[in-house]
Amino acid sequence: MSADASRVVENNRRSSLRDSIQKFQALAEKTEDSLKKNPYSNSYVEQKFDKEATDYGRPTPGSKTEARGIKASVHVCREIIFLIETINENAIGEPPNRVIEFGKLFQLYSYYSETLMGMLIRARKYGLIHFEGEMLYQRQDDRKPIAMLLSLDEVRTRLRPSGDPKNCVVLI
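Throughout the sequence shown, residue numbering follows the UniProt record's numbering, covering 1 to 172 in sequence.
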């Protein structure tokens with residue numbers, strides 16, 4: 001082997017070794033950062049969060065948690081629309097002022113899902129329905145009216161998944 005060829009081989013070996021060392025150091029730094037966030041690690045450092053930051057209370061962008069949150073927002077949007085459809089089909093009155101009693105809605109909706117109260121609270125949060133009180137209880141509140149504030153067509157056209165895990169749906 002010539003001197004030039006052996007120098008090229010030696011330089012390639014050194015650069016390859018340098019690359020390997022850099023990769024190992026990057027992995028070590030990543031592991032160190034991970035251990036600082038792990039409360040069961042000896043190098044755990046309690047994290048301080050800025051509650052005014054825009055990313056506070058949100059999953060890391062691109063993470064599986066964010067993807068699950070976005071998927072959940074689509075599911076919640078469908079559930080709310082199904083709830084409004086159920087109310088619309090079984091309520092009395094003219095759209096959009098249709099009213100149903102909680103007891104009747106509970107009997108109808110519980111056949112399909114056990115998330116009635118959660119969906120009622122969400123629908124009220126977005127201004128789709130109205131009912132008195134913070135929570136409705138079976139038997140105790142069977143006579144309480146639940147009123148639609150928007151027609152079914154308006155809900156179908158205006159309610160959309162937001163794509164934001166923190167606020168599942170948006171009313172356009």
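For each residue, glycine too, the CB sits at the ideal point set by N, CA and C.
Here DSSP, grouped into helix, strand and coil, assigns residue 159 to strand. Apart from the 5 residues on each side of it in sequence, residue 162 sits with its Cβ closer than 7 Å to the Cβ of 73, 168, 169 and 170 in its chain, given in chain order. Nearest to residue 86 by C-alpha distance, out of 139, 147, 108 and 49, is 108. Annotation for residue 72: the continuous alpha helix (DSSP H) segment containing it runs 64-90.
By the Cβ-count criterion, residue 45 is exposed, with fewer than 16 other Cβ atoms from all chains shown falling within 10 Å of its own Cβ. Going by beta carbons, residue 148 and residue 90 fall outside the 8 Å limit.
C-alpha of residue 69 to C-alpha of residue 54: approximately 17 Å in a straight line. Under the Cβ criterion (8 Å, minimum of three pairs), the segment 102-120 counts as touching the segment 133-145.
Straight-line spacing of the CA atoms in residue 159 and residue 96 works out to 15 Å. Taken through DSSP and simplified to helix, strand or coil, residue 32 comes out as helix.
In this structure, residue 103 lies near residue 143, with their beta-carbon atoms less than 8 Å apart. Going by DSSP, residue 147 is part of the beta strand (DSSP E) stretching over 145-148.
For the 8 Å CB-CB criterion, residue 116 and residue 131 do not form a contact.
Within 10 angstroms of the beta-carbon of residue 123 lie 16 or more other beta-carbons, which makes it buried. In this structure, residue 100 keeps its C-beta atom at 8 Å or more from the C-beta atom of residue 152.
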